[in-house]
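Chemist:
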Ligand code: TLP
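Residue numbers (our numbering): 65 to 415.
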């Protein structure tokens with residue numbers, strides 16, 4: 065029997081989804097006013113939707129259980145089976161949503177390989193289908209900001225503006241998976257509405273860096289949200305006294321948004337120090353926010369055994385492909401935890 069460290073001493077860097085509600089957040093949950101949200105009666109959900117719609121500069125917003133459901137509702141609301149979605153090859157929708165765009169909406173996905181998660185207007189333009197009965201109809205361009213698999217990278221606003229213009233000229237909808245758009249805002253100082261203005265619709269997640277236990281919000285115009293509400297019901301995402309959860313989302317936006325800068329500083333420190341260790345390669349220029357991706361192919365070690373060794377020392381991380389490991393900084397890891405984690409990495413890579 066191995067002696068694993070006590071749970072409390074574990075430094076969990078697997079994702080920013082692992083955070084637990086603080087006492088203050090739980091108090092907000094405790095006090096939440098509720099009603100049946102399928103009837104539109106939950107005042108706390110309505111308040112959250114209004115806050116997010118306002119922040120994003122959109123007409124309406126819709127609270128949904130997860131980022132995956134937000135993405136899938138958006139795709140379904142904007143397409144017919146057989147339509148095509150242009151997206152980046154490493155995007156969450158293409159890699160981590162269990163094939164649901166095809167399974168639930170009958171969509172064909174057209175992936176384009178980007179650089180640090182960024183695809184250009186020219187790359188997209190080359191893939192837009194001409195009107196022809198043989199082709200699927202190009203319908204949506206979907207971007208991700210920040211880009212998870214590229215390591216939390218920021219999609220430059222100028223390129224987004226060019227892509228938006230292209231989308232309008234070709235009668236396509238531009239959609240943003242903004243699960244971590246909050247991080248892009250804090251890293252650049254560009255407010256949410258300035259990003260969102262370039263998209264037909266946007267989703268943001270409350271249960272990543274912001275630290276709420278559950279929930280995402282989808283935003284757009286009245287017609288889109290009306291359709292999205294129907295699809296949410298179809299997908300089983302219509303929830304009842306869900307102000308209980310929305311209250312945590314409101315608390316998260318009000319209290320945990322500005323502090324994301326701390327996660328970015330921790331990620332930078334971690335990336336710089338880890339890149340000095342033998343056999344670890346990190347693209348330091350891609351460390352824009354709270355995520356660090358380590359390439360260990362030159363260490364002579366394999367990913368599963370590094371993960372196991374780190375786990376035995378009380379540090380949790382996830383595999384990110386055959387030779388890579390992802391490390392994510394968040395609300396529940398302090399600078400001190402980061403320094404302790406660095407010591408453990410040192411023991412694994414320099415022993
Ligand atoms: N990402 C998770 C895993 O699914 C990989 C993580 O740990 O990072 N969009 C983006 C950009 C995401 O990173 C995620 C979650 C989602 C959507 C989906 O959110 P949930 O998990 O709420 O369905």
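C-beta: ideal position from N, C-alpha, C; glycine also. Everything numeric in this text was worked out from a predicted model, so none of it was measured.
Here's the rule I'm using: 16 or more other beta-carbon atoms within 10 Å means buried, otherwise exposed. How should residue 220 be labelled?
Modeler: Flag for residue 220 reads exposed.
Chemist: Taking C-alpha atoms, which residue in 412, 157, 146 lies nearest to residue 199?
Modeler: 146
Chemist: In three-state terms, what does DSSP make of residue 390?
Modeler: strand
Chemist: Using DSSP with H/G/I as helix, E/B as strand and the rest coil, what is residue 81?
Modeler: helix
Chemist: Taking 7 Å as the cut-off, is the C-beta of residue 212 nearer than that to any heavy atom in ligand 1?
Modeler: yes
Chemist: Report yes or no: do the stretch 136-145 and the stretch 291-298 share at least 3 C-beta pairs separated by less than 8 Å?
Modeler: yes
Chemist: In whole angstroms, what separates the C-alpha of residue 242 from that of residue 404?
Modeler: 31 Å
Chemist: Apart from the five residues just before and just after residue 88, which ones in its own chain have a Cβ nearer than 8 Å to its Cβ?
Modeler: Counting only Cβ-Cβ distances below 8 Å, and skipping sequence neighbours, we find 315, 319.
Chemist: Run the proximity test for residue 269: is its beta-carbon closer than 7 Å to any non-hydrogen atom belonging to ligand 1?
Modeler: yes
Chemist: Could you check where the beta strand (DSSP E) with residue 239 kicks off and where it finishes?
Modeler: 237-242
Chemist: In angstroms, rounded to a whole number, what distance separates the CA positions of residue 278 and residue 270?
Modeler: 7 Å
Chemist: Contact check, residue 129 vs residue 301 under 8 Å by CB: the rounded distance?
Modeler: Contact annotation, residue 129 with residue 301: C-beta distance approximately 5 Å; criterion of less than 8 Å satisfied.
Chemist: Contact between the stretch 87-106 and the stretch 235-250: three or more CB pairs below 8 Å?
Modeler: Contact between the stretch 87-106 and the stretch 235-250 is absent, because fewer than three Cβ pairs lie under 8 Å.
Chemist: Given a cut-off of 8 Å, decide if residue 408 and residue 374 are closer than it, judged by their beta-carbon atoms.
Modeler: yes
Chemist: If you scan the stretch 120-182 from start to end, which runs of the beta strand (DSSP E) of 3 or more residues do you find wholly inside it?
Modeler: The stretch 120-182 contains these whole beta strand (DSSP E) runs: 124-128, 148-152, 172-176.
Chemist: Residue 310 lies in the alpha helix (DSSP H); which residues open and close that run?
Modeler: 307-320
Chemist: Which whole-angstrom value describes the C-beta separation of residue 215 and residue 357, a residue pair presumed to lie in contact below a C-beta threshold of 8 Å?
Modeler: 4 Å
Chemist: Which of the three DSSP states, helix, strand or coil, is assigned to residue 217?
Modeler: Residue 217 falls in the strand class under three-state DSSP.
Chemist: When the distance is taken between beta carbons, is residue 116 closer than 8 Å to residue 268?
Modeler: yes
Chemist: Measuring from the CB of residue 79, is there a heavy atom of ligand 1 at a distance below 7 Å?
Modeler: Result yes, Cβ under 7 Å from ligand 1.
Chemist: Using the three-state DSSP reduction, which class does residue 211 fall into: helix, strand or coil?
Modeler: strand
Chemist: How long is the line joining the alpha carbons of residue 365 and residue 76, rounded to whole angstroms?
Modeler: 21 Å
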